[in-house]
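Anchor point for the sequence shown: position 257 equals 257 in the working numbering, and the numbering is continuous, going up by one each time. For glycine and all other residues, C-beta sits at the position ideal for the given N, C-alpha and C.
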Amino acid sequence: MKTIYRSFGLQGMITVPGDKSISHRAVMFGALADGVTTIHGFLKGADCLSTIDCFRKMGIQIEEKEDTIYVHGKGLHGLTAPTETLDVGNSGTTTRLISGILAGQDFTTTLSGDASLNSRPMKRIITPLSMMNADIKSEKGNGCAPLVIHGKPLTAIHYQSPVASAQVKSCVLLAGLYANGKTSVTEPSLSRDHTERMLRSFGADISSKGCTSTIAPPESLQGQHIEVPGDISSAAFFIAAALITPNSEVYIQNVGINPTRSGILKVCEDMGADITRKNVREEGGEPVADLMVRSSDLHGTVIEGSIIPTLIDELPVIALMACCAEGKTIIRDAHELHVKESDRIEIVSRNLSAMGADIIPTEDGFLINSRCDEHDIPILHGASIACAMDHRIAMTFAVAGMNADGETIITDSDCVDVSYPGFFSQLESISL
Ligand code: S3P
1 MKTIYRSFGL QGMITVPGDK SISHRAVMFG ALADGVTTIH GFLKGADCLS TIDCFRKMGI
61 QIEEKEDTIY VHGKGLHGLT APTETLDVGN SGTTTRLISG ILAGQDFTTT LSGDASLNSR
121 PMKRIITPLS MMNADIKSEK GNGCAPLVIH GKPLTAIHYQ SPVASAQVKS CVLLAGLYAN
181 GKTSVTEPSL SRDHTERMLR SFGADISSKG CTSTIAPPES LQGQHIEVPG DISSAAFFIA
241 AALITPNSEV YIQNVGINPT RSGILKVCED MGADITRKNV REEGGEPVAD LMVRSSDLHG
301 TVIEGSIIPT LIDELPVIAL MACCAEGKTI IRDAHELHVK ESDRIEIVSR NLSAMGADII
361 PTEDGFLINS RCDEHDIPIL HGASIACAMD HRIAMTFAVA GMNADGETII TDSDCVDVSY
421 PGFFSQLESI SL
């Protein structure tokens with residue numbers, strides 16, 4: 001449990017933990033490569049530790065020395081059968097990406113996670129993998145994990161995905177490593193492209209055109225050094241906090257700004273935010289920048305269409321910003337929020353309403369109106385927030401609590417460890 005009080009400004013310079021999506025992929029691709037992959041800036045959050053644990057159980061030696069993770073790859077065909085169920089914890093990325101890899105092995109595995117993970121939809125990967133001739137089943141027949149995968153040779157397909165999901169796309173492309181020809185995926189709009197960028201750096205023949213990515217099964221992958229940039233999805237909480245808390249100036253170093261991830265920056269700019277990108281550079285095939293963020297008078301906006309996949313994980317905290325912005329904000333085309341670590345449309349609306357915000361949940365997003373006092377100060381009041389063990393909800397409401405009267409109590413606050421160990425102390429360290 002954590003109690004949050006109003007902040008009188010955020011001031012300081014911070015670095016946020018490594019990108020979760022990139023950290024998962026670095027371990028997975030390193031395990032399948034020849035030679036050693038070294039990872040600097042790896043996110044030691046519970047989700048990425050689940051990925052490490054799964055690969056250790058399949059015979060991959062993974063060590064940590066000082067700030068670097070060493071993955072001793074055994075090649076595309078070097079994994080060995082685990083002797084127990086692979087525990088994927090709370091991690092959808094581990095589950096969906098690893099399933100693509102496991103479908104092409106010559107052994108059987110079972111994947112299972114916590115209650116939240118085991119209720120998330122897996123049919124979205126069972127369908128394309130089955131089209132590739134994979135043998136993958138939901139143990140309970142409900143389209144969810146536990147998943148039982150009997151590895152076998154796979155058939156190349158072209159998959160027209162009904163959802164813009166990097167987890168689905170990556171699952172199919174990873175199965176494509178083991179298929180009998182070129183495998184491609186077309187999605188309705190472009191989702192994060194870390195798999196494509198990183199597999200290319202490991203030597204895979206992978207190309208992208210518009211919303212289609214194509215992979216040819218490689219002879220081998222080569223171990224790499226991966227510099228993991230700071231996670232923009234974690235930086236998002238500090239960006240939002242600095243923008244909506246008066247008297248704030250926060251400098252966030254080393255943030256990944258891959259265009260398939262940085263929709264939040266575009267939305268903030270549309271809302272009138274004062275954010276300056278500094279030292280824009282490229283590190284290990286990923287664009288990176290430092291961000292200077294200052295308190296701003298935000299105004300409402302419309303968020304819809306192809307930008308949604310580029311900010312999907314940031315929508316809870318964007319909804320909070322919209323409650324503190326002048327006028328009306330409409331967020332639509334975000335059905336996917338229903339099937340994240342919690343039903344984020346329901347839980348964000350319920351908790352923001354409990355704090356006095358004017359927010360209406362819709363089938364695919366939110367309608368939000370500002371509610372300010374006569375001095376234009378947003379009116380939020382403290383409340384008790386249950387976050388359904390969803391890390392991004394806990395962090396969103398910590399930021400909300402810093403802009404509310406009275407006490408905000410986050411009941412299941414430990415779940416921030418999934419993606420951001422040390423979040424609360426870092427937030428407190430720069431709060432006045
Ligand atoms: C992720 C993709 C997104 C995102 C998740 C991480 C990834 O999920 O919400 O936190 O690393 O590929 P979807 O692909 O299901 O949208």
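Every unbroken stretch of the beta strand (DSSP E) spanning 3 or more residues and falling wholly within the segment 162-230 is given here in chain order: 183-186, 205-209, 212-216 and 225-227.
DSSP places E66 outside both helix and strand once states are collapsed to three, so it counts as coil. Uninterrupted beta strand (DSSP E) stretches at least 3 residues long and entirely within the segment 381-413 occur at 408-410, given in chain order.
In the structure shown, the three-state DSSP call for T108 is strand. Residue pairing from DSSP places D87 in a beta bridge opposite S112. Relative to the non-hydrogen atoms of the ligand S3P, the Cβ of H24 comes within a distance shorter than 7 angstroms of at least one. DSSP, read as helix, strand or coil, puts V16 in coil.
Note that the C-beta distance between L221 and V293 is not below 8 angstroms. Note on geometry: alpha-carbon atoms of K57 and L86 lie some 7 angstroms from one another.
Non-local beta-carbon contacts of S349 in its own chain, meaning distances under 6 angstroms to residues more than five positions away in sequence, involve I359 and P361 in chain order. DSSP places E346 in the helix class (H, G or I) of the three-state scheme. A straight-line Cα-Cα distance of about 48 angstroms links S207 and A404. Counting only the Cα atoms, L380 lies some 30 angstroms from G230. Here the segment 104-112 makes contact with the segment 145-158; the two share three or more CB pairs at distances below 8 angstroms. Distances from the alpha-carbon of I232 to those of E64, P82, S116 and I312 put I312 closest. Shown here, C54 sits in a helix according to DSSP, grouped into three states. T329 is positioned such that its CB atom lies no closer than 8 angstroms to that of T310. For K123, the uninterrupted alpha helix (DSSP H) run begins and ends at K123 to M131, by DSSP. By the Cβ criterion, the segment 164-171 is in contact with the segment 185-205, since at least three pairs of Cβ atoms, one from each stretch, lie closer than 8 angstroms.
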